[in-house]
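Worksheet for the structure shown next.
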Amino acid sequence: MANSEFIEELLVKYRELGRVITHHNEKNKEVEYSAIQVIEISSEVKNNVLLQSDAINSTASAVTQMSHSLSEINNEISKTHHSSCLASEIANQGRDTLVSLSNAVTNVNKRAKITQQRMVSLNELVINVEKITESIQQISQQINLLALNASIEAARAGEFGLGFAVVAEEVRALAKRTHNSTDSIVANIDDVLKESSEIVSTMSEVVIQTDVCLQKVNEVDISFNDIEKATEQVKHQMEIVSNVSTEQAAATHEISEHIAQVVLGAQANSDIAVQSQLVANHLRKLTQRQ
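If you want it as structure tokens, here you go:
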């Protein structure tokens with residue numbers, strides 16, 4: 001009786017042990033299945049992390065290249081901005097020089113016009129002198145005729161007209177010298193009129209040329225104004241581009257730093273995936289032993 005109870009109790013224990021073993025085997029299978037899934041997922045995560053790392057590295061390389069390009073662009077922008085500033089300074093200097101030239105040409109134009117007016121007045125005076133000289137010539141001719149008639153009458157008077165004849169001869173000689181002097185004066189006046197006419201003509205050309213020069217100076221001044229406005233606009237635009245480029249460079253640098261952090265995170269994820277895969281393999285091996 002005692003043996004029967006012991007055997008029955010042993011059978012009960014054996015059945016319980018069988019159920020425990022069965023349950024244990026089922027749990028092992030579940031663990032093994034989970035380990036296999038963990039291995040597969042870890043492998044997939046590892047591959048994805050590797051792909052992500054490659055993509056991030058490519059992105060980081062592109063960002064680095066972009067950063068270098070932006071740096072070169074900033075250098076070129078700085079050079080261009082410096083050149084535009086230099087061009088603006090040169091334009092301002094040229095405009096100042098042009099203003100000085102314009103003032104000088106204006107003064108020459110004014111003096112040329114004044115000289116031209118004075119030469120016209122001088123011509124009028126010379127013409128008046130010429131008229132007066134012609135009148136003197138006519139008077140000297142009349143005096144010469146009167147002296148000739150007086151000499152004839154003195155000759156008719158004989159001895160009584162000798163004194164008068166001497167005076168008449170002196171008057172004729174004076175009239176002749178006067179006529180010769182007026183001839184010389186007229187010749188000189190003609191030369192003066194000729195020279196003054198040429199001077200007036202030359203001064204007229206000077207006035208015309210200075211007017212043309214002033215017109216050209218005004219045109220160049222307008223061009224300098226346009227150049228100055230254009231260079232100022234270029235400077236303003238270059239400053240805007242420089243500021244935007246600087247901001248973009250700063251943003252690119254910040255992106256580069258974030259990418260570096262992402263790379264570190266991806267590497268950490270890859271390490272975790274590898275560790276998870278190792279743990280899962282270890283669990284699988286343990287379940288396979290039992």
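Per full-length UniProt numbering, the sequence shown starts with residue 1, numbered consecutively. All C-beta atoms, glycine included, are put in the ideal place defined by N, C-alpha and C. The structure presented is a predicted model; accordingly, all values stated were derived computationally and were not measured.
Check whether residue i and residue j have beta carbons under 8 angstroms apart
i: VAL126; j: VAL192; result: yes
i: THR133; j: ILE222; result: no
i: ALA168; j: SER151; result: yes
i: THR202; j: ALA91; result: no
i: ALA147; j: ALA175; result: yes
i: ARG172; j: ASN144; result: yes
Closest residue to residue i among the options (Cα-Cα distance)
i: GLY94; options: ASN109, GLU169, GLU170, GLU228; result: GLU228
i: ALA112; options: VAL200, GLU16, ASP226, ARG15; result: VAL200
i: VAL241; options: THR64, LYS79, SER58; result: LYS79
i: SER71; options: GLN261, ILE208, THR246; result: THR246
i: MET238; options: GLU76, ILE255, ILE114; result: GLU76
i: SER58; options: ASN225, SER256, THR210; result: SER256
i: ASN123; options: LYS194, ASN149, ALA260, GLN275; result: LYS194
i: residue 301; options: LEU86, GLU89, ARG19, THR106; result: Outside the shown range of the chain, which is 1 to 290, sits residue 301, and nothing can be said about it.
i: ASP226; options: GLY163, ASP54, SER88; result: SER88
i: ILE259; options: ASP271, THR182, SER83, SER61; result: SER61
i: ASP183; options: GLN275, ASN149, SER135; result: SER135
i: CYS85; options: HIS236, HIS68, GLN209, GLU153; result: HIS236
i: HIS68; options: GLN275, GLN261, HIS253, GLU16; result: HIS253
i: VAL244; options: ILE73, SER83, PHE224, ASN128; result: ILE73
i: LEU264; options: ASP54, ARG19, ASN149, ARG15; result: ASP54
Assigned exposure category for residue i - 16 Cβ within 10 Å defines buried
i: SER140; result: buried
i: ALA250; result: exposed
i: ALA104; result: exposed
i: THR64; result: exposed
i: THR22; result: exposed
Cβ separation of residue i and residue j, assumed to be a contact under 8 angstroms, to the nearest whole Å
i: GLN142; j: HIS179; result: Not really, about 11 angstroms apart at Cβ, beyond 8 angstroms.
i: VAL207; j: ASN109; result: 6 angstroms
i: GLN116; j: SER204; result: 6 angstroms
i: GLU130; j: VAL186; result: 7 angstroms
Heavy atom of the ligand GTP within 7 angstroms of residue i beta-carbon
i: SER121; result: Although the ligand GTP was asked about, the structure shown includes no ligands whatsoever.
With a threshold of 8 angstroms, are at least 3 pairs of Cβ atoms found where one atom belongs to the segment 92-106 and the other to the segment 210-221?
yes
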